[in-house]
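Just so you know, numbering that gives the first Met the number 0 puts 65 at position 66 of the sequence shown, and the rest follows in order with no gaps. We put the CB at the ideal spot given by N, CA and C, even for glycine.
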Amino acid sequence: MSLITPDFGLFFWMAVVFLCVLAVLWKKGFPVIINMVNERKAYIDDSLKKAQEATEKLANIQKEGEALLQEAREKQAAMLKEAKATHDEVVAKAEIDAREHAAKLLNDAKAQIEAEKASAIREIRSQVAELSVQIAEKVVRQKLSDDTAQMELIDKLLDDVSVEK
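Given below as structure tokens:
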């Protein structure tokens with residue numbers, strides 16, 4: 000027997016064993032292997048599909064997030080605008096109130112000044128009148144020390160009173 004050229008019997012039995020193994024594999028092994036390959040393919044396809052869906056969901060979530068951020072920015076801008084308007088209103092109202100208060104204080108001060116002025120004028124007139132009476136009394140006492148001067152003064156006063164009427 001030679002190693003390079005096998006005997007016909009060896010060749011025959013090798014072919015029979017090969018065909019039996021091939022038949023068993025064909026009947027039992029290949030379907031299991033093909034089934035496992037198909038399941039693995041289905042699992043990979045399903046995983047790819049889920050990954051694609053996850054990618055799409057992530058993109059949608061990012062879009063929704065950007066939309067929410069934009070909406071939040073718009074609300075913030077509106078709130079800031081409203082706050083500025085309220086601030087401007089409050090400042091304007093405060094200015095108006097301050098002006099009204101200042102005008103009231105000014106009017107009150109003017110009224111008080113006028114009242115004090117009138118009071119001062121009355122007091123001055125009173126003092127002037129009192130001083131005038133005192134001066135006149137002193138002057139009259141000196142000039143009316145004799146009867147002739149008294150008579151002249153009485154005549155003069157009577158003439159003034161009759162002229163005024």
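- prompt: If we cut at 8 Å on Cβ distances, does ILE120 have a partner in chain D?
  reply: Absence of chain D from the displayed structure is noted, only one protein chain being present.
- prompt: By how many angstroms is the C-alpha of LEU47 removed from the C-alpha of LYS56?
  reply: Computed Cα separation, rounded: 14 Å.
- request: Please report the residue range of the alpha helix (DSSP H) in which GLY8 lies.
  value: Its alpha helix (DSSP H) spans residues 7-23.
message: Rounded to whole angstroms, what is the Cα-Cα separation between ILE120 and THR85?
response: CA-to-CA, the gap between ILE120 and THR85 works out to about 51 Å.
Nearest-angstrom Cα separation, counted from ASP87 out to LEU67: Near 30 Å, if we compare the C-alpha coordinates of ASP87 and LEU67.
query: Grouping DSSP H, G and I as helix and E and B as strand, with all else coil, what is THR54?
result: Note: THR54 maps to helix in three-state DSSP.
- prompt: How is THR4 classed by DSSP in three states: helix, strand or coil?
  reply: Coil at THR4, not helix or strand.
query: Could you give the distance in angstroms between the alpha-carbon of PRO30 and the alpha-carbon of VAL36?
result: In this structure, the CA atom of PRO30 is about 10 Å from the CA atom of VAL36.
query: Alpha carbon to alpha carbon, how far is THR4 from GLY28?
result: Answer to the nearest angstrom: the Cα atoms are 32 Å apart.
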